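This report concerns only the one structure given below.
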Amino acid sequence: MADAAAKTPKSGILNLVVDYGPIAVFFAVYRYFTPADHASLGEVAAVIRATGCFMLAAVIALAVSKWKLGKISPMLWLSTALIVVFGTMTIFFQDKTWIQIKPTVIYLLFGISLLIGVARGKPLLRTLLQAAFEGLDDAGWMILSRNWGLFFLALAGLNEALRHTLSFGDWIAAKLWLFLPLTFLFTFAHIPMLLRHGLAQEAEKDVLTDPPHE
Numbered sequence: 016m017a018d019a020a021a022k023t024p025k026s027g028i029l030n031l032v033v034d035y036g037p038i039a040v041f042f043a044v045y046r047y048f049t050p051a052d053h054a055s056l057g058e059v060a061a062v063i064r065a066t067g068c069f070m071l072a073a074v075i076a077l078a079v080s081k082w083k084l085g086k087i088s089p090m091l092w093l094s095t096a097l098i099v100v101f102g103t104m105t106i107f108f109q110d111k112t113w114i115q116i117k118p119t120v121i122y123l124l125f126g127i128s129l130l131i132g133v134a135r136g137k138p139l140l141r142t143l144l145q146a147a148f149e150g151l152d153d154a155g156w157m158i159l160s161r162n163w164g165l166f167f168l169a170l171a172g173l174n175e176a177l178r179h180t181l182s183f184g185d186w187i188a189a190k191l192w193l194f195l196p197l198t199f200l201f202t203f204a205h206i207p208m209l210l211r212h213g214l215a216q217e218a219e220k221d222v223l224t225d226p227p228h229e
């Protein structure tokens with residue numbers, strides 16, 4: 016058991032950097048290069064630069080996850096692949112819409128997949144995360160999969176609402192200052208339920224530092 020744990024080192028801070036570092040890079044590069052007057056051509060150039068850095072940061076995060084954490088979850092594989100695909104479309108067409116709908120696509124894919132799994136009696140979240148929180152029983156995984164499925168669908172709707180009503184810069188800021196806190200609040204709210212379904216006390220940190228994400 017100790018050998019198995021040694022093969023899958025855990026770091027709460029590193030998990031957060033891997034999960035949310037790329038979007039922070041995107042936000043920083045866009046803010047740095049976007050012109051003060053938000054002139055059309057200058058803003059497009061800033062979006063292109065930010066998207067290129069976003070794609071590079073996502074690939075680096077994937078490599079770091081494998082190197083330092085010893086694993087790449089299916090959720091991270093899919094998220095990175097879609098970042099590359101939609102980032103390429105953004106750069107090729109010079110249209111920021113592609114990178115904005117990427118989260119919606121990911122949220123819908125994860126949400127629908129999780130709810131289909133629940134309907135079939137299979138807690139797919141356990142497979143997506145490649146993390147069996149110590150002691151959590153099947154009923155706990157089913158509840159978690161159902162709730163995250165619904166939450167992902169809600170985030171998809173929220174992303175679509177915000178991208179149609181906010182400027183591009185404000186939309187990027189919302190990814191950091193709205194979606195991230197909502198995700199952690201939602202994750203934290205599940206701790207009592209998880210403990211009732213057998214989650215070991217020492218596994219709480221794993222839940223809070225490595226929640227599902229897009």
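Position one of the sequence shown corresponds to residue 16 (this note's numbering), numbered consecutively onward.
Don't be surprised by glycine CBs; every beta carbon is placed ideally from N, CA and C.
No experiment lies behind these values; they were computed from the predicted model shown.
Cβ-heavy atom distance, PRO207 to the ligand MG, below 7 Å: Absent from the structure shown: the ligand MG. Ligands present: none.
Helix, strand or coil at GLN109 [DSSP, three-state]: Counting from 1 along the sequence shown, the entry for residue 109 is found at position 94. Coil.
Contact under 8 Å by Cβ, TRP163 with LEU177: Residue numbering aside, residue 163 sits at position 148 when the sequence shown is read from its first letter. Residue numbering aside, residue 177 sits at position 162 when the sequence shown is read from its first letter. Cβ distance not < 8 Å, so TRP163 and LEU177 don't count as in contact.
Backbone secondary structure at GLY85 - three-state DSSP: For the purposes of this step, residue 85 is taken as residue 70 along the sequence shown, with counting starting at 1. Coil, per DSSP.
The segment 139–158 touching the segment 104–119, judged by at least three CB pairs closer than 8 Å: no
Limits of the unbroken alpha helix (DSSP H) element including PRO196: Residue numbering aside, residue 196 sits at position 181 when the sequence shown is read from its first letter. Looking at the DSSP string, the run of the alpha helix (DSSP H) that includes PRO196 is 195–204.
Coarse secondary structure for ASP52, derived from DSSP in three states: The residue labelled residue 52 in the question sits at position 37 within the sequence shown. Coil at ASP52, not helix or strand.
Reference GLY102, options VAL79, GLY132, TRP82, MET70, closest by Cα: Numbered from 1 along the sequence shown, position 87 holds the residue referred to as residue 102. Cα-wise, what sits closest to GLY102 is MET70.
Status (buried if at least 16 other CB within 10 Å, exposed otherwise) for HIS179: Translated into positions along the sequence shown, residue 179 becomes position 164. Counting Cβ neighbours within 10 Å, HIS179 comes out exposed, since fewer than 16 surround it.
Spatial distance of PHE41 from ARG64 (CA atoms): Within the sequence shown, numbered from 1, the residue matching residue 41 stands at position 26. Within the sequence shown, numbered from 1, the residue matching residue 64 stands at position 49. Answer to the nearest angstrom: the Cα atoms are 9 Å apart.
Uninterrupted alpha helix (DSSP H) stretches inside the segment 104–181 (no shorter than 4 residues): 112–134, 139–144, 153–180
Limits of the alpha helix (DSSP H) - the one that ALA184 falls within: The residue given as residue 184 occupies position 169 in the sequence shown. As written in the sequence, residue 184 is Gly, which differs from the Ala given in the question. Start and end: 183–189.
MET157 to ALA72 span [Cα, whole Å]: By 1-based counting over the sequence shown, the position of residue 157 is 142. By 1-based counting over the sequence shown, the position of residue 72 is 57. When rounded, the distance between both Cα atoms is 33 Å.
Local Cβ density within 10 Å of GLY132, reported as buried at 16 or more and exposed below that: Position 117 of the sequence shown, counted from the first residue, corresponds to residue 132. By the 10 Å Cβ count, GLY132 comes out buried.
Simplified DSSP state of GLY213, which is helix, strand or coil: On the sequence shown, residue 213 is found 198 positions in, with the first residue counted as 1. Of the three classes helix, strand and coil, the one that applies to GLY213 here is coil, per DSSP.
Of the residues ARG46, ASP52, SER88, LEU84, the one placed nearest CYS68, counting alpha carbons only: By 1-based counting over the sequence shown, the position of residue 68 is 53. It is ARG46.
Proximal residues to MET104 (C-beta, below 6 Å), its chain only, five neighbours per side dropped: For the purposes of this step, residue 104 is identified with residue 89 of the sequence shown, where counting begins at 1. Contacts found: TRP113.
Straight-line gap, LEU181 to TRP192 (C-alpha atoms, nearest Å): Along the sequence shown, one-based indexing puts residue 181 at 166. Along the sequence shown, one-based indexing puts residue 192 at 177. Each residue's alpha carbon lies about 14 Å from the other.
GLU58 vs THR66 beta-carbon contact at 8 Å: Taking the sequence shown and counting its residues from 1, the one referred to as residue 58 is at position 43. Taking the sequence shown and counting its residues from 1, the one referred to as residue 66 is at position 51. Their beta carbons are not under 8 Å apart, which means GLU58 does not touch THR66 by this criterion.
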